[in-house]
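Please read the structure below before turning to the comments.
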Amino acid sequence: MRLSPTQQLGEPISKFRFRYAAYSFKWAVAFAIPLLLLVSFQPNVLHSQVPLLIMGLYVGLPIGFGMAFLATIGFVIGGVFAHRLESSSSTHWLWPRVKFCLSVLFLAPFIVFALYWFVRGVMNFEVQAIARGGIWLITPQSAPLFFWVSLFCWAAFAFGIPVYLYRHGKRIFCSP
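The sequence shown begins at 1115 in my numbering and counts up one residue at a time.
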């Protein structure tokens, strides 16, 4: 049994997103009412019969309300964009290109960072690796297997993401 809305056959994505926004708003209201009661009465946690329950409510209700509220905002914005895409053929043609350019701008720093550590690993035989206790510079002498696995991961990030972006861009920009 599914509680959330499902997209009906032939239903526009904008209408579905607006229905999902209404569903998320109902959850936000469902979390807001007990949260307002909890904040207005302010029960003392230390002198309560159920301190863990009250602490759980103090933590869980704001998190639930915040997530439901953010989902409502996200689905409303997504519904507006979807409605715009459904109503205009030029926007429908332009939107995948804009998404691709934004993803390139977002992933470019990651690619440069991974490329830097891969080149540094090949030239100086030291790579940055995340291990217990923090971030370490690993050399082949200190941990040979960990060094080569980390170097391979940096190479996969440095060369895999650009290959993916190239193929995705080629599919977007070279299609009619």
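A virtual CB, placed ideally from N, CA and C, is assigned to each residue, including glycine.
Here S1256 is exposed, its C-beta having fewer than 16 other C-beta atoms within 10 Å.
Check the Cα spacing between P1126 and each of F1239, S1201 and P1148: the tightest is with S1201. Taking C-beta separations shorter than 6 Å and ignoring five residues to either side along the sequence, the partners of V1190 in its chain run A1135, following chain order. If you ignore the 5 residues before and after F1145, its C-beta comes within less than 7 Å of the C-beta of L1175, G1178, F1179 and A1182, all in its own chain and listed in chain order. Excluding sequence positions up to five before and after F1260, its CB lies within less than 8 Å of the CB of A1243, A1245 and I1252, all in the same chain and listed in chain order. I1244 has I1249 as its beta-bridge partners, per DSSP. Rounded to the nearest angstrom, the Cβ distance from Y1137 to P1119 is 5 Å, consistent with a contact under 8 Å.
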